[in-house]
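Okay, so here's the structure we're looking at.
Protein chains: 2
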Amino acid sequence: MTTVRTFVQDTAVRGPDNGRYRGEIQPGWDIGGNANGGYMLAIATRAMIDASGRPDPVTVTAHYLRPGGVGPVGVDTEVVKSGKRFATVRANLISLAGDTERPLMSIIGTFGDLDSSVHNDPELVTAAPPELPPFAECTHRMGGSGDTVAPDFSRRVDLRLHPDDSFLDGRKSGKASLRGWFTFPELGTEGTLDPVGLIQATDAFPPTIFNVDLPVAWVPTVELTSHVRARPAPGPLRCVFTTRFVTGGFLEEDGEVWDSTGRLVAQSRQLALLPRSV
Amino acid sequence: MTTVRTFVQDTAVRGPDNGRYRGEIQPGWDIGGNANGGYMLAIATRAMIDASGRPDPVTVTAHYLRPGGVGPVGVDTEVVKSGKRFATVRANLISLAGDTERPLMSIIGTFGDLDSSVHNDPELVTAAPPELPPFAECTHRMGGSGDTVAPDFSRRVDLRLHPDDSFLDGRKSGKASLRGWFTFPELGTEGTLDPVGLIQATDAFPPTIFNVDLPVAWVPTVELTSHVRARPAPGPLRCVFTTRFVTGGFLEEDGEVWDSTGRLVAQSRQLALLPRSV
Numbered sequence: 014m015t016t017v018r019t020f021v022q023d024t025a026v027r028g029p030d031n032g033r034y035r036g037e038i039q040p041g042w043d044i045g046g047n048a049n050g051g052y053m054l055a056i057a058t059r060a061m062i063d064a065s066g067r068p069d070p071v072t073v074t075a076h077y078l079r080p081g082g083v084g085p086v087g088v089d090t091e092v093v094k095s096g097k098r099f100a101t102v103r104a105n106l107i108s109l110a111g112d113t114e115r116p117l118m119s120i121i122g123t124f125g126d127l128d129s130s131v132h133n134d135p136e137l138v139t140a141a142p143p144e145l146p147p148f149a150e151c152t153h154r155m156g157g158s159g160d161t162v163a164p165d166f167s168r169r170v171d172l173r174l175h176p177d178d179s180f181l182d183g184r185k186s187g188k189a190s191l192r193g194w195f196t197f198p199e200l201g202t203e204g205t206l207d208p209v210g211l212i213q214a215t216d217a218f219p220p221t222i223f224n225v226d227l228p229v230a231w232v233p234t235v236e237l238t239s240h241v242r243a244r245p246a247p248g249p250l251r252c253v254f255t256t257r258f259v260t261g262g263f264l265e266e267d268g269e270v271w272d273s274t275g276r277l278v279a280q281s282r283q284l285a286l287l288p289r290s291v
Numbered sequence: 014m015t016t017v018r019t020f021v022q023d024t025a026v027r028g029p030d031n032g033r034y035r036g037e038i039q040p041g042w043d044i045g046g047n048a049n050g051g052y053m054l055a056i057a058t059r060a061m062i063d064a065s066g067r068p069d070p071v072t073v074t075a076h077y078l079r080p081g082g083v084g085p086v087g088v089d090t091e092v093v094k095s096g097k098r099f100a101t102v103r104a105n106l107i108s109l110a111g112d113t114e115r116p117l118m119s120i121i122g123t124f125g126d127l128d129s130s131v132h133n134d135p136e137l138v139t140a141a142p143p144e145l146p147p148f149a150e151c152t153h154r155m156g157g158s159g160d161t162v163a164p165d166f167s168r169r170v171d172l173r174l175h176p177d178d179s180f181l182d183g184r185k186s187g188k189a190s191l192r193g194w195f196t197f198p199e200l201g202t203e204g205t206l207d208p209v210g211l212i213q214a215t216d217a218f219p220p221t222i223f224n225v226d227l228p229v230a231w232v233p234t235v236e237l238t239s240h241v242r243a244r245p246a247p248g249p250l251r252c253v254f255t256t257r258f259v260t261g262g263f264l265e266e267d268g269e270v271w272d273s274t275g276r277l278v279a280q281s282r283q284l285a286l287l288p289r290s291v
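For the record, the sequence lines run as chains A and B.
Counting the first sequence from 1 gives a position; this note's numbering is that position plus 13.
Counting the second sequence from 1 gives a position; this note's numbering is that position plus 13.
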């Protein structure tokens, strides 16, 4: 019997016990043996939410220290301030596999209740969601039936690239940008991502610069900041990631995540390294 | 005798003593009695640089916990990882004024040597510095001789807004964006900002939304992330700050800082609150 595990199950934590939460980097979330960073951050964020006593992440920043492999992890949390509206928590995600504890990621986040936002406050939006073919018609699914080289990770998420941005068929768009749909396979077309799923969405897509002619094979993250702007409505999310500056061995990736009602639900930026050419 | 104090002097720290650096929020860096956030972050960053053993901040994220007033502060630092290329440090900036120690800001940063970047690596830039009148011709200087309502802070920095973006004369541009020059008065037109000065530049401008018709008087920062992409060349910096999403009581401000050679030297994003209308 095959048990289909879900994102929520695979990012669960228990505790705390003497201030430490415990979780597990589960098999199948890796890219070439290293767990996806957004997935590791999701585990840590669940512990930080619990420590904060608030339902939602509002802004989370992770510094990526080391690659993580399958096995037990700890999340050591510390509440820096618990205020009326927000609580700020810092945490280290620590590998407990092997003899030596090794920090994989160091995180700071501010948590609150997104439902308490005043939605009739003045709003101003000067951008629109990315244009995408309908979800069902997006066949450039990473890890889909036609894709035999995709990493394991791409089978745990349902990530469908805009056909014009898909380098999967060997054609680069020439622009350091990627548009696509994102959800989890277990949610189908109607399920709703939780805010931690939004954070996963902001670090799940392939590197933007795979669409331009730069001699790079991998783009390690130094730092990722994700803002959760609202809880999403049901259904897959429209995402766009863009890089404007590849300079001095660094690049940024700016992300936007929009829900099915056309509302911006998350915004992200990561600083990544352009490994030196060989 | 009037002594002209400089940004470098006013952000200096000493120590560490039992793991704590000490500094001082100096008079004159406030806006209505509260020290500017970028200035407080600059003090903390100096301590973190020392703790990291590396010359430059690469990416720094601060969560703003409480307003800070004039007086002694501590910076409690902890090196999370010291690697070959980077060191990651977290810190709390703590007010030591009064009987109770109170955290003002919690920060995480990754530090390295910006000179070690390989400048002949492939580069890709799809944006240009903001167009500005020459520095000398930019007369819309906050805190300049014609400005009697500017906060004290605006006299410690030399911040000159693009005339089209300057709401100082009561005309809003209608776009949630601000362009302008930034340096410190003590540097004149030839002096060079250090990387900590770049971080100050990313949280020194008035709120972008002062240029649109929203009923707001203040925009408290929740979180600021600044990436230092290169050490700047001598001379004032061209800056642009833009907001695209005011939603659910939150807004982001995206900043770019360019040096006199037309190189992007810093990039920033902050998440701020749109206080509820009264």
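Glycine is no exception: its CB is placed at the ideal position from the N, C-alpha and C atoms.
Fill in: Chain-ordered residues of the stretch 131 to 147 of chain B with a beta carbon less than 8 Å from chain A
Val131, His132, Asp134, Pro135, Glu136, Leu137, Val138, Thr139 and Ala140
Worksheet item: Do Ala214 of chain A and Thr256 of chain A have their C-beta atoms within less than 7 Å of each other?
Response: no
Discussion item. What are the residues in the stretch 53 to 69 of chain A lying within 7 Å of chain B by C-beta distance?
Written reply: none
Item to complete: May I ask which residues mark the beginning and end of the alpha helix (DSSP H) holding Leu59 of chain A?
Response: The question names Leu, but residue 59 of chain A is Arg in the sequence shown. Taken as a continuous stretch (DSSP letters only), the alpha helix (DSSP H) holding Arg59 of chain A covers Gly50 to Ser65.
Item to complete: Within the stretch 94 to 153 of chain A, note down every full beta strand (DSSP E) run reaching 3 residues or more, in order along the chain.
Response: 100 to 108 and 115 to 125
Worksheet item: When you compare each of A:Asp43, A:Tyr52, A:Gly45 and A:Gly28 to Phe20 of chain A by their alpha carbons, which one comes out closest?
Response: A:Tyr52
Discussion item. Run through the DSSP bridge pairs and tell me what Val253 of chain A is partnered with.
Written reply: A:Arg192 and A:Glu269
Worksheet entry | Members of the stretch 80 to 93 of chain A near chain B, C-beta cut-off 7 Å | Val93
Worksheet item: Using a Cβ cut-off of 7 Å, which residues of the stretch 20 to 43 of chain A contact any Cβ in chain B, in chain order?
Response: none
Discussion item. According to DSSP, is Val209 of chain A part of a helix, a strand, or is it coil?
Written reply: helix
Discussion item. Using a Cβ-Cβ cutoff of 9 Å, what residues of the stretch 256 to 276 of chain B are near chain A? List them in chain order.
Written reply: Thr256, Arg257, Phe258, Val259, Thr260, Gly261, Gly262, Phe263, Leu264, Glu265, Asp267, Glu269 and Arg276
Worksheet item: So, does the CB of Thr234 of chain B fall closer than 7 Å to a CB anywhere in chain A?
Response: no
Practice prompt. Name the residue from B:Asp267, B:Phe223, B:Thr274 and B:Phe254 whose alpha carbon lies nearest to the alpha carbon of Pro245 of chain B.
Written response: B:Thr274
Worksheet item: Nearest CA to the CA of Val209 of chain B: which residue from B:Asp178, B:Gly122 and B:Val235?
Response: B:Gly122
Discussion item. Beta-carbon within less than 6 Å of Gly268 of chain B's beta-carbon, same chain only, minus the 5 sequence neighbours each way: which residues are those?
Written reply: Thr215, Phe254 and Ser281
Discussion item. Less than 7 Å between CB atoms is the rule here; does Thr221 of chain A satisfy it with respect to chain B?
Written reply: no
Discussion item. At the 7 Å Cβ level, is Thr123 of chain A part of the contact set with chain B, yes or no?
Written reply: yes
Discussion item. Bridge partners for Val259 of chain A per DSSP, in chain order?
Written reply: A:Leu264 and B:Leu137
Discussion item. Under 9 Å, CB to CB, which of the residues in the stretch 175 to 201 of chain B have a partner in chain A?
Written reply: Lys188 and Ala189
Practice prompt. Spell out a yes or no on whether the stretch 33 to 53 of chain B and the stretch 188 to 202 of chain B are touching, meaning 3 or more CB-CB pairs, one atom from each, closer than 8 Å.
Written response: no
Discussion item. Using only CA atoms, which one of B:Val93, B:Phe263 and B:Pro80 lies nearest to Leu117 of chain B?
Written reply: B:Pro80
Item to complete: Return no unless some Cβ of chain A is closer than 7 Å to the Cβ of Ser119 of chain B.
Response: yes
Discussion item. Does chain A have any CB closer than 7 Å to the CB of Thr205 of chain B?
Written reply: no
Item to complete: For Asp89 of chain B, name the three-state secondary structure that DSSP assigns.
Response: strand
Discussion item. Pop quiz: Met61 of chain A and Thr24 of chain A are said to be a contact at Cβ under 8 Å. What is the actual Cβ separation, rounded to whole angstroms?
Written reply: About 12 Å separates the two Cβ atoms, so there is no contact after all.
Worksheet item: Per DSSP, what kind of secondary structure is Thr74 of chain A in: helix, strand or coil?
Response: strand
Discussion item. Would you say Pro116 of chain A lies against chain B (beta-carbon separation less than 7 Å)?
Written reply: yes
Worksheet item: Val71 of chain B versus chain A: which residues are under 9 Å apart at the beta carbon?
Response: Val235, Glu236, Phe263 and Leu284
Discussion item. Considering only DSSP beta bridges, list what Ser284 of chain B is partnered with.
Written reply: According to the sequence displayed, residue 284 of chain B carries Leu and not Ser. Answer is B:Glu236 and B:Glu265, bridged to Leu284 of chain B.
Worksheet item: Which chain A residues are close to Thr101 of chain B, counting only those with a beta carbon under 8 Å from its beta carbon?
Response: His76, Leu78 and Ser119
Discussion item. I'd like to know whether the C-beta of Ala243 of chain B is nearer than 7 Å to at least one C-beta of chain A.
Written reply: yes
Fill in: Contact set between Leu287 of chain A and chain B, taken where Cβ atoms lie within less than 8 Å
Asp134 and Pro135
Discussion item. Tell me which residues share the same chain as Leu287 of chain A and place their Cβ nearer than 8 Å to its Cβ, disregarding the 5 neighbours each side in the sequence.
Written reply: Ile222, Leu227, Val229, Val232, Val259, Gly262, Phe263 and Leu264
Worksheet item: The beta strand (DSSP E) spanning Asp23 of chain A covers which residue range?
Response: No beta strand (DSSP E) contains Asp23 of chain A, which is instead part of the alpha helix (DSSP H) from Phe20 to Asp23.
Worksheet item: Would a check of beta-carbon distances place Val278 of chain A closer than 7 Å to chain B?
Response: no
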